[in-house]
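Data first, discussion second: the structure below is written as structure tokens.
In my numbering, the protein residues as written are 3 to 278.
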């Protein structure tokens, strides 16, 4: 397992990775190093083979994304970014483009990797932190959670890092417009009511326990290839041109699942559970 400075990555023996944003003194605001480390970790997963010959399937089968300290991610570390952009000469278009490209690649790779991502959100998720949360497959929040489109408050457009793609689809265009045009916060209770979060938890410990239970259920319930293809089907459904095209995809995925060597094992597991 690679060593990182701004994130930690731990392989849980039950089959998932725990990725922790680890700049608690900065409320996990992302600096250039964190961006590079997140992108390196995710890119490595993207290039791995879909299925290995390990007895219990490929690892990791899912990712639990969380953060240390009081906040999930307070956005970008603007002081660090400003210093990095300035360098020895005034920044120009290429500097800004390269930085923006790195930020956006993280979001794209989060959606391209085969593993489902469960985000555990406490405290603030602002700007880039909100973008990370939106790019996850499932979001669980603590009661103190709040998120906003921080870019709208610092002279930038509210559409950034995939926010204008995900947010209207998750909370609806009206609430998305409110958030993106004002920078107002969305808090835990309303986030749950709108479907942004699948559950709300009183303490951080309860939040982590719920996240572990969820990824454990994913891994126990579904064989690796069907789990990965389910994420793919959900991704493609967001831009599916028709019901016909989506059903055609599902038909082919089911045929592939039937031919998967793990299929009879998970059929038996399903029957065993149904009898308990």
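Every residue gets a Cβ at the ideal spot worked out from N, C-alpha and C, and that includes glycine.
A quick note: this is a predicted structure, and the numbers were derived from the prediction, not measured.
With a threshold of 16 other CB atoms inside 10 Å of the CB of residue i, please say whether the residue is buried or exposed.
i: residue 27; result: exposed
i: residue 48; result: exposed
i: residue 261; result: exposed
i: residue 62; result: buried
i: residue 21; result: buried
i: residue 237; result: exposed
i: residue 37; result: buried
i: residue 174; result: exposed
Is the CB of residue i under 9 Å away from at least one CB in chain D?
i: residue 66; result: You won't find chain D in this structure, because it holds only one protein chain.
Might you give, ordered along the chain, the residues of its own chain that have their beta carbon closer than 7 Å to the beta carbon of residue i, omitting 5 neighbours on each side?
i: residue 172; result: 136, 197, 198
i: residue 45; result: 111
i: residue 154; result: 160, 182, 183, 184, 185
Looking at the secondary structure, which residues open and close the alpha helix (DSSP H) in which residue i lies?
i: residue 150; result: Premise fails: residue 150 lies in the beta strand (DSSP E), 148-150, not in any alpha helix (DSSP H).
i: residue 128; result: No alpha helix (DSSP H) contains residue 128, which is instead part of the beta strand (DSSP E) from 126-128.
i: residue 44; result: 34-49
Does DSSP classify residue i as helix, strand or coil?
i: residue 201; result: strand
i: residue 70; result: coil
i: residue 10; result: strand
i: residue 186; result: coil
i: residue 19; result: strand
i: residue 141; result: strand
i: residue 76; result: coil
i: residue 135; result: helix
i: residue 101; result: helix
i: residue 115; result: coil
i: residue 193; result: helix
Please work out which residues of its chain come closer than 8 Å, Cβ to Cβ, to residue i, disregarding the five sequence neighbours upstream and downstream, and give them in chain order.
i: residue 41; result: 104, 107, 108, 111
Can you give me the Cβ contacts of residue i inside the same chain, cut-off strictly under 6 Å, excluding the 5 residues immediately before and after it?
i: residue 170; result: 178
i: residue 6; result: 39
i: residue 216; result: 120
i: residue 1; result: Given that the chain is displayed from residue 3 to residue 278, the structure contains no residue 1 and the question cannot be resolved.
Which residue comes first and which comes last in the beta strand (DSSP E) that contains residue i?
i: residue 119; result: 119-123
Write down every uninterrupted run of the alpha helix (DSSP H) in the segment 209-254 whose length is 4 residues or greater and which is fully enclosed by it, in chain order. Entirely contained in the segment 209-254, the alpha helix (DSSP H) runs reaching 4 residues are, in chain order, 226-239.
Pick out the complete alpha helix (DSSP H) segments inside the segment 144-178, 4 residues or longer, and give them in chain order. The segment 144-178 contains these whole alpha helix (DSSP H) runs: 165-173.
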